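Enquirer: Take this structure first; my questions come after.
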Amino acid sequence: MAKSGRKASFTDLGKHRKRLETQPMRLQFAEDPNRFERFSARAGDLLLDYSKNRIDEEAMAALFDLARAAGLEERRTQMCEGEHINLTENRAVMHMALRYQGDRPVPVDGKDVMPDVRAVLAAIKTYTDAIRSGEIRSHTGEQFTDVVNIGIGGSDLGPAMVTLALEPYTRPDLRAHYVSNVDGAHIHDTLKRLNPGTTLFIVASKTFTTDETMTNAGSARKWLAESLGEEAVPSHFAAVSTNIPACAAFGIQEDRIFGFWDWVGGRYSVWSAIGLPIALAVGYDHFSAFLSGADAMDQHFLSAPLEKNLPVIMGLLGVWYRNVWGFSTHAVLPYDQRLSRFAAYLQQQDMESNGKSVTLSGKPVAWSTGPIVWGEPGTNGQHAFYQLIHQGTDVVPADFLVAARPHESMPPHHAKLVANVLAQSEALMLGKTEEEVVAELKAQGLDKKAIKSLAPHKIFPGNRPSNTLFYPQLTPEMLGSLVALYEHKVFTQGVIWNVNSYDQWGVELGKQLAKALLSKVEGTSGAEDHDSSTRGLLAYFHANKGGPA
Ligand code: F6P
């Protein structure tokens, strides 16, 4: 689809917007008792209710036309067939192979990758079973009690998010910790509570060159060696990387190096050996169930008609709001405390993928691309930023996520949680009209003058869009499906925006400049070649680094 085609589609969709501006959702619900049936879809047990969006059948049809015209189905096939759709890095995009449960070969560059994928999974199982059972012990002969994963970005956010989400499947005697920040406070505060004799480190880095990770790994190694001696390092370190020689050079034993491949993007790597700390925390079988849940979503994405396809529907709604209505952010609001890092995880998945401003052929895009993704678990968010979502000047499309069944039997918590999530999407959709506010204030006995001055503050515009994802329970399978759902949503949007969702050149400049600035921060070279702001900030740093006089 040519650039003019996409622009024309967005213009055409603008006509649907004009029509829908006069039909608030409140009215649409009143007129159509079947709106929920019309605008909800399922993938297995997972329900997507998208009826509380500014849509009707015509608008949705136009969005599906856009997806077809943009070549979504063809692009999906190209991805599955191992074509190098990551053009700027000349790589295939095959994270789906990591969780594939079928028995067909999955060729990448002429080679079936499944035997290697399964061999690494088998190695993960053997190693994690042995650590969990105490068969593999520490240098001091003790059973490991704490696992510290050292990684950043895709080598941290996925496993950290999943470990929190699957807390009911963890063991109290084997705790997982995640260290990512180069800020020494992170590793310091993590290690200060740990016993070197029972601590296992996983150094997770696709490249094994990332400065934050290598710095933290060096400090962890020093901490261990100072207490147990250098000879303890091999028993206390494992590594996950595509760069096997660098892991070996760090001193990690060959049978404790778990590989993956360049066709797995960092932010899509939670399914690879990057999931090692998950398997340690919840056991291999639950990790495996997480993979099969993702595969179930892959099969849905690959086979369901676009009109019933959850990731496609969610992707198109995102495009609708970003390009036709001009909404620039998207909130992810899990009513599931254990998904407290889900929005942070999705920030990398979405914003590193689609935060691009050139097309696949390197031309400037003529439309907005990836939204700003943010969010926190409900109900906490209700007491923080929901005010703006309900009554602020910006419209924030939101995804609500909630389980029908909690893991703990603690009435009335879950009923209250569910009541709140339902209330929020209803309130956003309905709003509260002036007449309703006036009637309410009258009923409270306020006089005319008081009503007049208070009413404007109590009106809710409503017509604010949201999706609700409802699932039976947050199991490993369901979590896998949810993560894969968002991956395919991001893919769908990347195809429509015609960007490369699989590179991340935008993170490079800061890395280069940080390297160049280090000697100036350390005071071994001057900063004359920098701008006056950077020089001023460096001067402040040097004047104050010794601490208060
Ligand atoms: O932030 C840039 C990035 O390259 C991410 O894409 C990646 O997940 C992260 O750094 C960590 O990279 P690595 O796994 O190679 O250490």
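Number 1023 in the numbering used here belongs to position 252 of the sequence shown; there are no gaps in the numbering.
Quick reminder that beta carbons are idealized off the backbone N, C-alpha and C, glycines included.
Computed from a predicted structure; not experimentally measured.
Let me confirm a value: T1295 is counted as buried when at least 16 other C-beta atoms fall within 10 Å, else exposed. Which label applies?
Expert: On the sequence shown, position 524 is the one that residue 1295 refers to. Exposed, by the Cβ-count rule.
Enquirer: In three-state DSSP terms, what is T1239?
Expert: Along the sequence shown, one-based indexing puts residue 1239 at 468. Strand, per DSSP.
Enquirer: Which residue spans inside the region 1236–1314 form an unbroken alpha helix (DSSP H) run of at least 4?
Expert: Those alpha helix (DSSP H) runs which fall completely within the region 1236–1314 and span 4+ residues are 1247–1268, 1279–1293.
Enquirer: Checking 8 Å against the spacing of the C-beta atoms, do A1198 and F1231 come in under that value?
Expert: Residue numbering aside, residue 1198 sits at position 427 when the sequence shown is read from its first letter. Residue numbering aside, residue 1231 sits at position 460 when the sequence shown is read from its first letter. Taking 8 Å as the Cβ cut-off, A1198 and F1231 qualify as a contacting pair.
Enquirer: May I ask you to check if the CB of S926 is nearer than 7 Å to at least one heavy atom of ligand 1?
Expert: The sequence position of residue 926 within the sequence shown is 155, counting from 1. Yes, the Cβ of S926 comes within 7 Å of a heavy atom of ligand 1.
Enquirer: Any heavy atom of ligand 1 inside 7 Å of the beta-carbon of S1180?
Expert: The residue labelled residue 1180 in the question sits at position 409 within the sequence shown. The answer is no for S1180.
Enquirer: Who are the Cβ neighbours of F979 in its own chain at under 7 Å, not counting the five residues just before and after it?
Expert: Taking the first residue of the sequence shown as 1, we reach residue 979 at position 208. Excluding residues within five positions, the ones whose Cβ falls inside 7 Å are S1012, N1014, A1017, C1018.
Enquirer: Whose C-alpha, out of R862, A947, Y1242, is nearest the C-alpha of R964?
Expert: Working through the sequence shown from its first residue, we reach residue 964 at position 193. It is A947.
Enquirer: Please classify E1123 as buried or exposed, where buried requires at least 16 other C-beta atoms within 10 Å of its C-beta.
Expert: As a first step, residue 1123 must be located in the sequence shown, where it is residue number 352. Result: buried.
Enquirer: Measure the CB-CB distance between S926 and A988 and report whether it falls below 8 Å.
Expert: In the sequence shown, the residue the question calls residue 926 occupies position 155. In the sequence shown, the residue the question calls residue 988 occupies position 217. Against a cut-off of 8 Å, the Cβ pair of A988 and S926 comes out as no contact.
Enquirer: Three-state secondary structure (DSSP) at H1101?
Expert: Position 330 of the sequence shown, counted from the start, is the residue given in the question as residue 1101. Three-state DSSP puts H1101 in a strand.
Enquirer: When you compare each of Y1092, G815, Q1283 to G1064 by their alpha carbons, which one comes out closest?
Expert: The sequence position of residue 1064 within the sequence shown is 293, counting from 1. For G1064, the nearest C-alpha among the options comes from G815.
Enquirer: Given G1086, which residues of its chain have a CB within under 6 Å of its CB, disregarding the five upstream and five downstream residues?
Expert: On the sequence shown, position 315 is the one that residue 1086 refers to. For G1086, where only same-chain residues beyond five positions count, the Cβ hits under 6 Å are K1260, T1263, Q1264.
Enquirer: Which of the three DSSP states is assigned to S1196 in this structure?
Expert: In the sequence shown, the residue the question calls residue 1196 occupies position 425. Of the three classes helix, strand and coil, the one that applies to S1196 here is helix, per DSSP.
Enquirer: What does a CB cutoff of less than 6 Å around L837 pick up in its chain, not counting 5 residues either side in sequence?
Expert: Position 66 of the sequence shown, counted from the first residue, corresponds to residue 837. Taken in chain order, the residues that qualify are S780.
Enquirer: Using only the heavy atoms of ligand 1, determine whether one of them is closer than 7 Å to the beta carbon of Q1275.
Expert: Here residue 1275 refers to the residue found at position 504 when the sequence shown is read from its first residue. Under cutoff, so the answer is yes.
Enquirer: Taking the alpha carbon of V1270 as the reference point, which residue from L962, K786, Y1116, T1130 has its own alpha carbon closest?
Expert: Reading the sequence shown from its first residue, position 499 is the one you call residue 1270. Taking only the C-alpha atoms, the option nearest V1270 is T1130.
Enquirer: Should R1038 be counted as a contact of ligand 1 given a C-beta to heavy atom distance under 7 Å?
Expert: On the sequence shown, residue 1038 is found 267 positions in, with the first residue counted as 1. Yes, Cβ of R1038 sits closer than 7 Å to a heavy atom of ligand 1.
Enquirer: Between the alpha carbons of Q1275 and Q1118, how many angstroms are there, rounded?
Expert: Taking the sequence shown and counting its residues from 1, one reaches residue 1275 at position 504. Taking the sequence shown and counting its residues from 1, one reaches residue 1118 at position 347. Rounded to whole angstroms, Q1275 to Q1118 spans 13 Å at the Cα level.
Enquirer: Span of the beta strand (DSSP E) holding I1160?
Expert: On the sequence shown, residue 1160 is found 389 positions in, with the first residue counted as 1. Taken as a continuous stretch (DSSP letters only), I1160 belongs to no beta strand (DSSP E), being part of the alpha helix (DSSP H) at 1157–1162.
Enquirer: So, does the CB of L1088 fall closer than 8 Å to a CB anywhere in chain B?
Expert: The displayed structure is made up of one protein chain only, and chain B is not part of it.
Enquirer: For T911 and S1043, I'd like the C-alpha separation in whole angstroms.
Expert: Within the sequence shown, residue 911 is the residue found at index 140, counting from 1. Within the sequence shown, residue 1043 is the residue found at index 272, counting from 1. Whole-angstrom Cα-Cα distance: 30 Å.
Enquirer: Identify, in the order they occur along the chain, each residue of the same chain with its Cβ nearer than 8 Å to the Cβ of I895, setting aside the five sequence neighbours on each side.
Expert: Residue mapping note: residue 895 aligns to position 124 of the sequence shown, counting from 1. Same-chain partners within the cutoff: F1029, A1044, G1046, L1047, A1050, Y1055, F1058.
Enquirer: Give me the residue from I973, D1033, G1000, I1267 with the minimum Cα distance to A1052.
Expert: As a working note, residue 1052 is residue 281 in the sequence shown. Ranking the options by Cα distance to A1052, first place goes to I973.
Enquirer: In the structure shown, what three-state DSSP assignment does R875 receive?
Expert: One-based indexing of the sequence shown puts residue 875 at position 104. Reduced to three states, the DSSP call for R875 is coil.
Enquirer: Under a three-way DSSP split, which group does D1026 fall into?
Expert: One-based indexing of the sequence shown puts residue 1026 at position 255. Here D1026 sits in helix by DSSP.
Enquirer: Can you tell me whether DSSP reads I1143 as helix, strand or coil?
Expert: For the purposes of this step, residue 1143 is taken as the residue at position 372 of the sequence shown. Looking at I1143 - three-state DSSP - the assignment turns out to be strand.
Enquirer: Would the region 1235–1253 and the region 1060–1078 be scored as touching if the rule is three or more Cβ pairs under 8 Å?
Expert: Segments in contact, yes.
Enquirer: Have a look at N1094, E1205, Q1244, P1236 and flag the residue whose alpha-carbon is nearest the alpha-carbon of H1178.
Expert: Position 407 of the sequence shown, counting from 1, holds the residue named residue 1178. H1178 has its Cα closest to that of Q1244, out of N1094, E1205, Q1244, P1236.
Enquirer: Is D1121 near V1144, with beta carbons less than 8 Å apart?
Expert: In the sequence shown, counting from the first residue as 1, residue 1121 sits at position 350. In the sequence shown, counting from the first residue as 1, residue 1144 sits at position 373. Cβ atoms of D1121 and V1144: closer than 8 Å.
Enquirer: Using DSSP's beta-bridge definition, name the partner residues of I973.
Expert: Within the sequence shown, residue 973 is the residue found at index 202, counting from 1. N920, A1009, per the DSSP bridge assignment.
Enquirer: Would you kindly check if the distance between the Cβ of S1099 and the Cβ of P1168 is under 8 Å?
Expert: Within the sequence shown, residue 1168 is the residue found at index 397, counting from 1. Within the sequence shown, residue 1099 is the residue found at index 328, counting from 1. Not a contact, by the Cβ cut-off of 8 Å.
Enquirer: Would a C-beta distance cut-off of 8 Å place P1105 and P1148 closer than the cut-off?
Expert: Counting from 1 along the sequence shown, the entry for residue 1105 is found at position 334. Counting from 1 along the sequence shown, the entry for residue 1148 is found at position 377. Their beta carbons are under 8 Å apart, which means P1105 touches P1148 by this criterion.
Enquirer: Whole angstroms is fine: what's the gap from S1132's alpha carbon to I856's?
Expert: Here residue 1132 corresponds to residue number 361 of the sequence shown, with the count starting at 1. Here residue 856 corresponds to residue number 85 of the sequence shown, with the count starting at 1. Between S1132 and I856, the C-alpha separation is close to 12 Å.
Enquirer: Output the distance between the C-alpha atoms of T941 and A1067, rounded to the nearest integer angstrom.
Expert: Position 170 of the sequence shown holds residue 941. Position 296 of the sequence shown holds residue 1067. Between T941 and A1067, the C-alpha separation is close to 24 Å.
Enquirer: Could you check the C-alpha separation between D827 and Y1273 for me, to the nearest Å?
Expert: Here the question's residue 827 lines up with position 56 in the sequence shown. Here the question's residue 1273 lines up with position 502 in the sequence shown. Rounded to whole angstroms, D827 to Y1273 spans 32 Å at the Cα level.
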